[in-house]
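Numbering follows numbering that gives the first Met the number 0, with no gaps: position 154 of the sequence shown is 153.
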Amino acid sequence: MIASKIPSNECDRLKDLFEYEVLDTPPEGNFDDLASLASHICEAPISLISLVDENRQWFKARVGLEVQQTSRELSFCSHAIHGTEIFEIPNTLVDDRFKNNPLVTSEPHIRFYAGIPLVTPRGYAIGTLCVIDKIPRRLSENQKRGLRTLARQVVDLLELRLSNKNITALNENLTQANRRINQQQDALVQSAKLQTMGAMSSGICYELGNPLSGIDGRLKMLMDAVGSDGFEKNSFSENLIAIDKNIRRIERMVKTLR
């Protein structure tokens, strides 16, 4: 068995892969459907959407295979991601790279493999859409075209998934920003109300001060008049009328405020 070399763009390739945040996520119907179509089109009992990280190949979707992942060292897909076209092994038993591979010598007894790299819009192969059989064989040209088309659909799904994630994050940020803006607006409104109430209170004190001073002055004059020998009825009446006017003035101010 000959393990695949690490691609020269490994760091950028892994960065692209991790950006999708798809590793170790639950099964999703759209991906499962594409794996099933690949199995049907290529007449293969096993079909996988395989993503290759630092140490393993992990299957986002799988048909005809129970395991969720295998080591990268044993992976056929780690060889396929070095190119952009279909990587096909017609007979693993006569290929020095794979004839002693445990996946060939034991379950699932791979005899045929064909994988098309999943190339991102940035140009990095992050895994494959592959089909596997237990007998030696080759894909027809129509099957190869079908596999290429499905591989593009897998990448489109990953991009759509990433876009939805970014939109969700943006919406959350906008919601938080709106919440902060509303809080700031409420604080400004409350501050403006308090300033207005302060100004009103100051004005009220000033406006009420004049009639109250007038009432106070007139009452003192009445008290002085009552206590004097020269009590004049007319003067007493005038002072009462003035006091009554000031009281009415205060009543109007209070009514306006209400």
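Where a beta carbon is used, it is the ideal one built from N, C-alpha and C, also for glycine.
Cα-Cα separation between residue i and residue j, rounded to whole angstroms
i, j, result
"R248", "K219", "20 Å"
"V62", "N29", "13 Å"
"L156", "S190", "51 Å"
"V66", "S74", "13 Å"
"R179", "E171", "12 Å"
"L260", "L22", "Outside the modelled stretch of the chain, which goes from 0 to 257, sits residue 260, for which no answer is possible."
"F58", "A176", "38 Å"
"H108", "P44", "12 Å"
"A186", "M196", "15 Å"
"P89", "R137", "5 Å"
"A2", "E72", "6 Å"
"F163", "E20", "The displayed chain sequence assigns Asn, not Phe, to residue 163. Rounded to the nearest angstrom, the two C-alpha atoms are 12 Å apart."
"E250", "Q182", "39 Å"
"L161", "Q194", "49 Å"
8 Å contact criterion, which residue i and residue j should meet: CB distance rounded
i, j, result
"G114", "A60", "The pair is not a contact, with the Cβ atoms about 14 Å apart (cut-off 8 Å)."
"L50", "L13", "Actually they are not in contact, since the Cβ atoms of L50 and L13 sit about 11 Å apart, beyond 8 Å."
"N54", "S70", "7 Å"
"V154", "L117", "5 Å"
"C41", "Q142", "5 Å"
"L128", "L149", "6 Å"
Opening and closing residue of the alpha helix (DSSP H) in which residue i lies
i, result
"E87", "Element bounds for E87: not the alpha helix (DSSP H) but the beta strand (DSSP E), F86 to I88."
"T104", "P101 to T104"
"S70", "Not the alpha helix (DSSP H): S70 falls in the beta strand (DSSP E), residues Q68 to S70."
"S74", "Careful: S74 lies outside any alpha helix (DSSP H) and carries neither H nor E."
"H81", "Element bounds for H81: n/a, residue is neither H nor E."
"F30", "G28 to I40"
Selection from the options that minimises the alpha carbon distance to residue i
i, options, result
"M199", "D185, A176, T255 and A150", "T255"
"S105", "R121, T119, E84 and K133", "K133"
"L33", "P120, S3 and V130", "V130"
"T83", "G122, S162 and P26", "G122"
"F111", "P135, E237 and T119", "P135"
"G126", "T91, Q68, G213 and K164", "Q68"
"N8", "T91, H81, N238 and E18", "H81"
"E18", "L149, L173, L159 and R144", "L159"
"N245", "M252, I166 and P210", "P210"
Span of the beta strand (DSSP E) around residue i
i, result
"F58", "R55 to V62"
"L50", "I45 to V51"
"G122", "Per DSSP, G122 belongs to no beta strand (DSSP E) and is neither H nor E."
"S7", "Here S7 belongs to no beta strand (DSSP E), and DSSP marks it neither H nor E."
Check: residue i C-beta below 8 Å from any heavy atom of the ligand FAD
i, result
"L173", "Absence of the ligand FAD from the depicted structure is noted, as is the absence of any ligand whatsoever, leaving it without description."
Report the start-end ranges of each beta strand (DSSP E) in the segment 129 to 180 that is 3 residues or longer and not cut off at the edges.
none
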